[in-house]
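Sequence positions in the sequence shown follow numbering that gives the first Met the number 0 and run 0 to 157.
Even glycine gets a Cβ: it sits at the ideal position worked out from N, Cα and C.
Working notes, structure below.
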Amino acid sequence: MKKYIVIFFLLFVFFETKAQVKLLTLKELDARVDKGKDTTYIVNFWATWCGPCVEELPNFEKLQTDSSAKPIKVLLISLDFKSKLQSQVIPFVTKNKLQSEVFVINEPDQQAFIEKVDKKWSGAIPATLFVNKGQNKRAFFEREFTYQDLITTLQNLK
C-alpha cells in the first residue's frame with residue numbers, strides 16, 4: 000500500500016511541476032489585455048533560439064516578482080514554431096524555471112500577426128509591448144531590456 004502511495008505522490012509532483020505553456024492567438028491576447036483595466040501588461044516577444052531574448056528573460060521574471068506595489072502582468076510570447084512546443088519551448092521553460100505566463104503564438108500568418116501587434120514592428124526580436132487599457136497607454140519597443148530599462152519604461156508610461 001505504501002508503495003502505491005509513494006508512486007501516486009511522485010506522479011502528482013511530476014505532473015504538477017510540468018511547465019504550463021499554451022498556444023495563443025492575437026485575438027486571445029487582445030482579450031486578455033482588455034480585461035485588465037487597472038493592470039499594466041508587459042508582453043515580451045521572444046524565441047528559444049534568440050540569444051538576446053534569452054539573456055533578457057530574467058529581467059522580466061524579476062519584474063514580475065518584484066512588482067507587488069503596482070498591478071503588473073508579464074506575458075512571455077514565444078515566436079518559436081508551434082511544432083516546437085513539446086520539443087523545445089516546454090523544456091526551455093522548465094529548465095529556466097520561468098514563472099511568468101508563457102505562450103507560443105498560434106497564428107497561420109506570422110507577418111500579419113507582427114503588423115497587427117505594431118505597424119512599426121519589423122519582426123525583429125526581442126520586442127516588448129507595454130499596455131495599460133485603463134490609462135489608455137501603449138508603448139512598443141524592438142530592443143533588449145535591462146531590469147532598470149523596464150522600471151524606467153514603466154515609470155514613463157504613467
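- The Cβ atoms of residue 143 and residue 55 sit closer than 8 Å to each other.
- Judged by pairs of C-beta atoms under 8 Å, the region 80-94 does not touch the region 57-65, as fewer than three such pairs exist.
- Contact check between the region 130-141 and the region 32-48: three or more CB pairs, one atom from each, fall below 8 Å, which counts as touching.
- Residue range 25-33 is occupied by the alpha helix (DSSP H) that includes residue 32.
- For residue 39, the enclosing beta strand (DSSP E) begins and ends at 39-45.
- Apart from the 5 residues on each side of it in sequence, residue 156 sits with its Cβ closer than 7 Å to the Cβ of 39, 129, 131, 136, 138 in its chain, given in chain order.
- The three-state reading of DSSP puts residue 77 in strand, counting E and B together.
- For residue 47, same chain residues with a beta-carbon under 8 Å away, outside a window of 5 residues either side, are 53, 77, 79, 83, 87, 88, 91 in chain order.
- A straight-line Cα-Cα distance of about 24 Å links residue 107 and residue 140.
- At a cut-off of 4 residues, the continuous stretches assigned as alpha helix (DSSP H) that sit fully inside the region 69-124 are 89-94, 109-116.
- Taking every protein chain shown into account, the CB of residue 123 has fewer than 16 other CB atoms within 10 angstroms, so this residue is exposed.
- For residue 21, the three-state secondary structure derived from DSSP is strand.
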